[in-house]
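Note sheet for the following structure.
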Amino acid sequence: GAVVSQHPSWVICKSGTSVKIECRSLDFQATTMFWYRQFPKQSLMLMATSNEGSKATYEQGVEKDKFLINHASLTLSTLTVTSAHPEDSSFYICSARWSTYEQYFGPGTRLTVT
Amino acid sequence: AQSVTQLDSQVPVFEEAPVELRCNYSSSVSVYLFWYVQYPNQGLQLLLKYLSGSTLVKGINGFEAEFNKSQTSFHLRKPSVHISDTAEYFCAVRFLEGSARQLTFGSGTQLTVLP
Numbered sequence: 629g630a631v632v633s634q635h636p637s638w639v640i641c642k643s644g645t646s647v648k649i650e651c652r653s654l655d656f657q658a659t660t661m662f663w664y665r666q667f668p669k670q671s672l673m674l675m676a677t678s679n680e681g682s683k684a685t686y687e688q689g690v691e692k693d694k695f696l697i698n699h700a701s702l703t704l705s706t707l708t709v710t711s712a713h714p715e716d717s718s719f720y721i722c723s724a725r726w727s728t729y730e731q732y733f734g735p736g737t738r739l740t741v742t
Numbered sequence: 050a051q052s053v054t055q056l057d058s059q060v061p062v063f064e065e066a067p068v069e070l071r072c073n074y075s076s077s078v079s080v081y082l083f084w085y086v087q088y089p090n091q092g093l094q095l096l097l098k099y100l101s102g103s104t105l106v107k108g109i110n111g112f113e114a115e116f117n118k119s120q121t122s123f124h125l126r127k128p129s130v131h132i133s134d135t136a137e138y139f140c141a142v143r144f145l146e147g148s149a150r151q152l153t154f155g156s157g158t159q160l161t162v163l164p
């Protein structure tokens with residue numbers, strides 16, 4: 629099946645710094661990529677949707693200047709958490725889609741801001 | 050309003066017993082239905098999906114689910130669970146209207162299989 633990778637799988641950063649998370653579709657071209665955030669024991673909350681070559685569409689309540697999303701190619705999307713704070717600590721999961729029917733999920737990135 | 054409800058947040062069950070995880074949705078439009086499994090500190094893995102056709106769908110790891118349009122439900126079942134089935138299970142629905150047609154997730158059900 630289709631594979632989506634994320635890097636890094638776990639990152640610790642200091643408050644005020646920025647961190648970049650990469651999401652790659654390894655064996656297919658993703659027309660659309662999604663970024664989710666998941667708090668412990670909770671469901672996935674969609675943060676933004678991005679189509680290759682265009683600006684991301686952010687969900688209500690998600691700060692676009694804080695969570696920068698770039699979808700530069702059909703196989704790569706990046707999420708940059710700028711000026712991270714402890715409340716940004718979470719599990720971030722990306723997902724990629726090439727058809728209408730199915731999304732493939734990455735393994736997630738655990739972000740801890742100290 | 051469109052929504053997805055997983056009625057049970059936690060389901061403990063003994064090994065080799067049957068299990069049913071419930072999922073209901075609210076929608077006035079057509080839907081695609083999915084079940085995903087998440088193991089600790091991992092992403093989501095697709096168990097099965099319903100797009101059209103037979104309302105009983107079979108997935109990986111011995112799971113199956115039945116789409117009931119009149120009850121707007123898509124319950125997940127397994128006749129005999131194993132310890133390795135312990136995980137978080139998410140029901141997800143794609144409501145077929147609008148251009149984005151994003152997945153909407155339920156709140157999840159933690160399945161714990163006891164020896």
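In order, the protein sequence lines correspond to chains A and B.
First residue of the first sequence: 629, per our numbering; consecutive thereafter.
First residue of the second sequence: 50, per our numbering; consecutive thereafter.
Note that the Cβ used here is the ideal one computed from N, Cα and C, for glycine as well.
Task: As assigned by DSSP and simplified to three states, the class of B/Pro164 - done: Position 115 of the second sequence holds residue 164 of chain B. B/Pro164: coil per DSSP, three-state reduction.
Open item on the list: Please report the straight-line C-alpha distance between B/Gly155 and A/Phe662, rounded to a whole angstrom.
Closed with: By one-based count along the second sequence, residue 155 of chain B stands at place 106. By one-based count along the first sequence, residue 662 of chain A stands at place 34. Their Cα atoms are separated by approximately 17 Å.
Task: Buried or exposed (CB count within 10 angstroms, at least 16 for buried), A/Trp638 - done: Residue numbering aside, residue 638 of chain A sits at position 10 when the first sequence is read from its first letter. A/Trp638 should be labelled exposed.
Open item on the list: For the beta strand (DSSP E) containing A/Thr703, name the first residue and the last one.
Closed with: Start at 1 with the first residue of the first sequence, and residue 703 of chain A comes out as number 75. Counting along the chain, A/Thr703 falls outside any beta strand (DSSP E), and DSSP gives it neither H nor E.
- [ ] Consult DSSP for A/Ser653 and reduce its assignment to one of helix, strand or coil.
- [x] As a working mapping, residue 653 of chain A is identified with position 25 in the first sequence. Note: A/Ser653 maps to strand in three-state DSSP.
- [ ] Just grab the DSSP bridge partners of B/Leu95 for me.
- [x] Numbered from 1 along the second sequence, position 46 holds the residue referred to as residue 95 of chain B. Answer by DSSP bridge pairing, in chain order: B/Tyr85.
Open item on the list: Whole angstroms are fine: how far does the CA of B/Gln59 sit from the CA of B/Gly157?
Closed with: Here residue 157 of chain B is taken as the residue at index 108 of the second sequence, counted from 1. Here residue 59 of chain B is taken as the residue at index 10 of the second sequence, counted from 1. Straight-line Cα distance between these residues: approximately 9 Å.
- [ ] Select from A/Phe656, A/Lys648 and A/Tyr664 the residue whose C-alpha is nearest the C-alpha of A/Ser723.
- [x] Here residue 723 of chain A corresponds to residue number 95 of the first sequence, with the count starting at 1. If we check each option's Cα against that of A/Ser723, A/Tyr664 comes out closest.
- [ ] Report buried or exposed for A/Val632, applying the criterion of at least 16 other Cβ atoms within 10 angstroms of its Cβ.
- [x] One-based indexing of the first sequence puts residue 632 of chain A at position 4. With 16 or more Cβ atoms within 10 Å of its Cβ, A/Val632 is classed as buried.
TODO: For A/Thr703, collect the residues of the same chain with a Cβ closer than 7 Å to its Cβ; drop the 5 residues on either side in sequence, then sort them by chain order.
DONE: Your numbering for residue 703 of chain A matches position 75 in the first sequence. Arg652, Ser653, Gln657 and Ala658.
Task: Contact set between the region 97-128 of chain B and chain A, restricted to residues whose Cβ is under 8 Å from the partner - done: Lys98 and Leu100
Open item on the list: Just to check my reading of the structure: B/Leu97 and B/Val86 have Cβ atoms closer than 8 Å, yes? What is that Cβ distance to the nearest angstrom?
Closed with: For the purposes of this step, residue 97 of chain B is taken as the residue at position 48 of the second sequence. For the purposes of this step, residue 86 of chain B is taken as the residue at position 37 of the second sequence. With 8 Å as the limit, B/Leu97 and B/Val86 do not qualify as a contact, their Cβ atoms being about 10 Å apart.
TODO: Quick one: give me the first and last residue of the beta strand (DSSP E) that B/Asn117 is part of.
DONE: Taking the second sequence and counting its residues from 1, the one referred to as residue 117 of chain B is at position 68. First-last of the beta strand (DSSP E) with B/Asn117: Glu113 to Asn117.
- [ ] Spell out whether any CB of chain B is found under 8 Å from the CB atom of A/Ser671.
- [x] Taking the first residue of the first sequence as 1, we reach residue 671 of chain A at position 43. Closer than 8 Å: yes.
Task: DSSP beta-bridge partners of B/Cys72 - done: Locating residue 72 of chain B in the second sequence gives position 23, where the first residue counts as 1. Its beta-bridge partners do not exist; DSSP assigns none.
Open item on the list: Taking 8 Å as the threshold (beta carbon to beta carbon), is B/Asn90 in contact with chain A?
Closed with: Indexing the second sequence from 1 puts residue 90 of chain B at position 41. Yes, because at least one Cβ of chain A sits closer than 8 Å to the Cβ of B/Asn90.
TODO: Starting from A/Phe733, find everything on chain B with Cβ-Cβ shorter than 7 Å and list it in chain order.
DONE: Against the first sequence, residue 733 of chain A aligns to sequence position 105. Simply Gly92 and Leu93.
Task: Near-chain B residues of the region 672-684 of chain A (beta-carbon distance less than 7 Å), N- to C-terminal order - done: Leu672, Leu674 and Thr677
- [ ] Could you tell me whether the Cβ of B/Tyr81 comes closer than 8 Å to any Cβ of chain A?
- [x] As a first step, residue 81 of chain B must be located in the second sequence, where it is residue number 32. Taking Cβ atoms only, chain A reaches closer than 8 Å to B/Tyr81, which makes this a yes.
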